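Since the structure comes first, as structure tokens, the remarks are kept for the end.
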Amino acid sequence: ADYQEVLQYYDLYETIGSGGFAKVKLARHLLTGEKVAIKIMDKLALGDSLSSIKLEIDAMKNLSHQHICRLYHVIETSKNIFLVLEYCSGGELYNYITSKCRLSEERSRAFFRQIVSAIAYVHSQGYAHRDIKPENVLVDEEHNLKLTDFGLCAKPKGGLDKPLHTRCGSPAYAAPEVIQGKAYIGSEVDVWSMGVLLYTLLCGVHPFDAGDNTTMSVYRRNGEYNIPEWLSPSSMLLLNQMLQVDPKKRITVKHLLHHPWLMEGYSRAVKWQTDYPLVQLDEECIAELSVFYKQSKETILDLISEWKYDEMSATYLLLQSKKARGKPIRLRAPY
Ligand SMILES: COc1cccc(Nc2ncc(-c3ccc(C(=O)NCC(=O)Nc4ccccc4)cc3)c(OCC3CCNCC3)n2)c1
């Protein structure tokens, strides 16, 4: 009974992931035929985490970027919250890396530039991700990366550079200052986690192992990790600048955007601005919606601009995504 609203707009298929109080199902949007991921959260199980989930949903609503999994639709019922999200057909980056053992420096660079783009954008919106790891990075059908977040990211009070205390994220990828329970700066801990991710891309393994035994966490605290002999000097230098134990010595995202290693083979610095601003709407998609819903373009434009993350928002965003992938944006007549 609780699923009747979501089943009005989507066909639900198999479960593709499950975490603490949420599970993710593959689904298809009936109007556009597009595949989506639907994250189903049990409000009872959420308990007092409900308020922090609302925080994450608000964060998602402000994050519209080519390398972040897009939120399309929010459906709240008495028992559940359904988040309809961008589906990435390539699955987790983690499995992509392990299936190829490790990635070439060129492939790692192309991927890493997309991660830096996403994080620079998240920071520009005043958020810190705080749980960057290969499991939270997905691969889409065009081999582009999409950042997601299963834990909770917080919009730090008073902007990005106020010290945070809550320990979150995964210990193995967490910066030394987080592990030691010190006050930390969100943007600085994200740089450490990106360093761990870059090491994993280049080496196929985690630099500090799973951090299960104490010696590993000692290595992490001292920033010691094994450097494979085949790693290029420029890769080693960048890893060293990111995996600095002292957060004040760590390279900043701003400097990563045009770092020599990220620029090798590229003529432009990493583009971190969004390709999908919330304010400029796509004329063609608006036109298609106005024909389908038999409303004037102005009415449709006003409705979308309210960003209610209802069926209308979802249909617009899915049309926009189809168009970006060169697919025809025709809406199916309701049969
Ligand atoms: C082909 O086989 C496969 C196999 C596996 C997966 C797929 N595809 C596939 N596509 C899309 C998803 C998804 C995206 C976003 C969210 C989300 O909850 N976002 C919230 C969010 O991103 N906040 C946020 C982001 C940035 C900043 C701040 C806040 C939830 C689910 C998915 O999930 C399955 C999980 C399973 C556990 N590991 C991670 C993926 N899976 C496909």
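All you need for this note's numbering is the position in the sequence shown, starting with 1, plus 1377.
Yeah, the Cβ is synthetic: ideal placement off N, Cα and C, and Gly gets one too.
No experiment lies behind these values; they were computed from the predicted model shown.
query, result
"heavy atom of ligand 1 below 7 Å from Thr-1651 C-beta", "no"
"C-beta atoms of Gln-1381 and His-1444 nearer than 8 Å", "no"
"Where the alpha helix (DSSP H) through Ile-1663 begins and ends", "1660-1670"
"Buried or exposed (CB count within 10 angstroms, at least 16 for buried), Gly-1536", "Caution is warranted here: a pLDDT of 48 is assigned to Gly-1536, below 50, making its placement in the model unreliable, and the coordinate value is therefore given only provisionally. Gly-1536 comes out exposed."
"According to DSSP, residues forming a beta bridge with Val-1401", "Gly-1394 and Lys-1416"
"Stretch pair the stretch 1678-1695 + the stretch 1402-1415: three plus CB contacts closer than 8 Å", "yes"
"Asp-1388 beta carbon less than 8 Å from that of Ala-1404", "yes"
"Extent of the continuous beta strand (DSSP E) run through Leu-1440", "From DSSP, Leu-1440 is part of no beta strand (DSSP E); its letter is neither H nor E."
"Ligand 1 heavy atom lying under 7 Å from the CB of Gly-1581", "no"
"Which listed residue (Arg-1709, Ile-1458 and Leu-1423) has its alpha carbon closest to that of Val-1383", "Ile-1458"
"Under 8 Å between C-beta atoms of Ile-1415 and Val-1461", "yes"
"Cβ pair count under 8 Å reaching 3, the stretch 1623-1632 against the stretch 1564-1573", "yes"
"For Leu-1389, three-class secondary structure by DSSP", "strand"
"Limits of the unbroken beta strand (DSSP E) element including Tyr-1449", "1448-1453"
"For Phe-1585 and Ala-1549, the rounded distance between their alpha carbons", "7 Å"
"Alpha carbon of Lys-1685 to alpha carbon of Ser-1466, nearest angstrom", "26 Å"
"Glu-1469 in three-state terms, based on DSSP", "strand"
"Close-in-space but distant-in-sequence residues of the same chain around Glu-1463 (CB under 6 Å, 5 per side omitted)", "Cys-1446 and Arg-1447"
"Any non-hydrogen atom of ligand 1 closer than 7 Å to His-1636 Cβ", "no"
"Separation of Met-1619 from Val-1568, as counted between CA atoms", "6 Å"
"Beta-carbon contacts of Thr-1475 that lie in its chain and below 8 Å, excluding the five residues immediately before and after", "Gly-1581"
"Rounded C-alpha distance that separates Lys-1700 from Thr-1676", "22 Å"
"Helix, strand or coil at Gly-1536 according to DSSP, with G and I counted as helix", "The pLDDT assigned to Gly-1536 is 48, lower than 50, so where the model puts this residue is not dependable, and the model offers no usable value."
"His-1500 beta carbon near ligand 1 (any heavy atom closer than 7 Å)", "no"
"Check whether Val-1622 and Arg-1645 have beta carbons under 8 Å apart", "no"
"Cβ-heavy atom distance, Ile-1474 to ligand 1, below 7 Å", "no"
"Span separating the alpha-carbon of Glu-1730 from that of Ser-1673", "In the structure as shown, the chain starts at 1378 and stops at 1712, and residue 1730 therefore has no counterpart that could be examined."
"Environment of Gly-1396 [buried if 16+ CB atoms lie within 10 Å]", "exposed"
"As assigned by DSSP and simplified to three states, the class of Ile-1604", "coil"
"Start-to-end residues for the alpha helix (DSSP H) that takes in Lys-1631", "1630-1633"
"Rounded C-alpha distance that separates Asp-1659 from Tyr-1653", "9 Å"
"Limits of the unbroken alpha helix (DSSP H) element including Asn-1617", "1610-1619"
"The stretch 1494-1512 in contact with the stretch 1569-1578 per 3-pair CB rule at 8 Å", "yes"
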